[in-house]
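In the working numbering, the protein residues as written are 27 to 282.
C-beta: ideal position from N, C-alpha, C; glycine also.
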């Protein structure tokens, strides 16, 4: 992050433009609107090489509610916080969803469920129940794992694996913003160009690419850019223009 600002009043980001006198590699520019303790990009949750565990293969970026920018490396071999069970009664074939939350202070992942044991008749019911679960204090949801048990079989976290046709009948891994209802989905707004930005000879290369976006009162604006370690920008500059909001003609229904 190269610029973080907390807006005490609602404003609209009217324009974001990128300049540089030269660049030796493509740059990626990101602008985020966040209230803090929200993921700035989707996690990629998958089964680990040890199939009783899970991992996040994506770098995690977020801003704390205190305005501190965090970047946490991808990880492997994550264990479940407790021995969550699905189908403890070993009756029939049922579903359960386990939420994955991240500690804003240190980036550590943990898991949380709506009840210690789950036995939902459908996948949709398991995910709908998970959507009502709030993260623990100081944490935020980054993903979920939905599991269907084998017939008349109990599944126990950290003991049974997450390989389809092995210890589970079916399993789906979700990162934030994918597949689940609003209660467990990504709630920030990410503005990113469709391709890498290559500024040349102080020519404006990105203007109005992002479109107008509204910052609510007490939300943060976070500007980031990276060359992914493959080059350097020469005299990079970014221009941000903000307008008061709402002003005459603005539609409250279309803001973010």
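Assign residue i to one of two classes, buried (16 or more other C-beta atoms within 10 Å of its C-beta) or exposed (fewer than that).
i, result
"residue 65", "buried"
"residue 265", "exposed"
"residue 82", "buried"
"residue 193", "buried"
"residue 178", "exposed"
"residue 185", "exposed"
"residue 142", "exposed"
"residue 202", "buried"
"residue 270", "exposed"
"residue 34", "exposed"
"residue 92", "exposed"
"residue 147", "exposed"
"residue 139", "buried"
"residue 84", "buried"
"residue 161", "buried"
"residue 207", "Any answer about residue 207 is weak, because its pLDDT of 29 lies below 50 and its placement is not dependable; what the coordinates show is given next. By the 10 Å Cβ count, residue 207 comes out exposed."
Less than 8 Å between the C-beta atoms of residue i and residue j, yes or no?
i, j, result
"residue 59", "residue 245", "yes"
"residue 112", "residue 144", "yes"
"residue 240", "residue 36", "yes"
"residue 247", "residue 57", "yes"
"residue 137", "residue 152", "no"
"residue 180", "residue 114", "yes"
"residue 267", "residue 40", "yes"
"residue 90", "residue 62", "yes"
"residue 195", "residue 109", "no"
"residue 197", "residue 191", "no"
"residue 131", "residue 164", "yes"
"residue 127", "residue 86", "no"
"residue 78", "residue 187", "yes"
"residue 30", "residue 106", "no"
Under 7 Å Cβ to Cβ from residue i, same chain only, skipping five residues before and after it: list those, please.
i, result
"residue 250", "27, 28, 56"
"residue 274", "none"
"residue 76", "103"
"residue 32", "93, 244, 246"
Sorted by chain position, which residues of the same chain lie with C-beta nearer than 6 Å to residue i's C-beta, five sequence neighbours on each side aside?
i, result
"residue 102", "74, 81"
"residue 199", "71, 72, 171"
"residue 88", "65, 66, 96"
Suppose the cutoff is 8 Å on Cβ atoms and the five residues either side in sequence are ignored; what does the same chain contact list for residue i look like?
i, result
"residue 176", "119, 193, 194, 195"
Ranges of the beta strand (DSSP E) found wholly within the stretch 76 to 122, counting only runs of at least 3: Whole beta strand (DSSP E) segments, 3+ residues: 80 to 82, 86 to 89, 95 to 98, 101 to 104.
Meets three-Cβ-pair contact criterion under 8 Å: the stretch 118 to 136 and the stretch 150 to 165: Because the criterion of three Cβ pairs below 8 Å is met, the stretch 118 to 136 and the stretch 150 to 165 touch.
Cβ contact (3+ pairs, closer than 8 Å) linking the stretch 160 to 176 and the stretch 68 to 75: Verdict: yes, contact present.
Unbroken stretches of the beta strand (DSSP E), 3 residues or longer, contained in the stretch 127 to 159: With a minimum length of 3 residues, the continuous beta strand (DSSP E) runs that stay inside the stretch 127 to 159 are 135 to 138.
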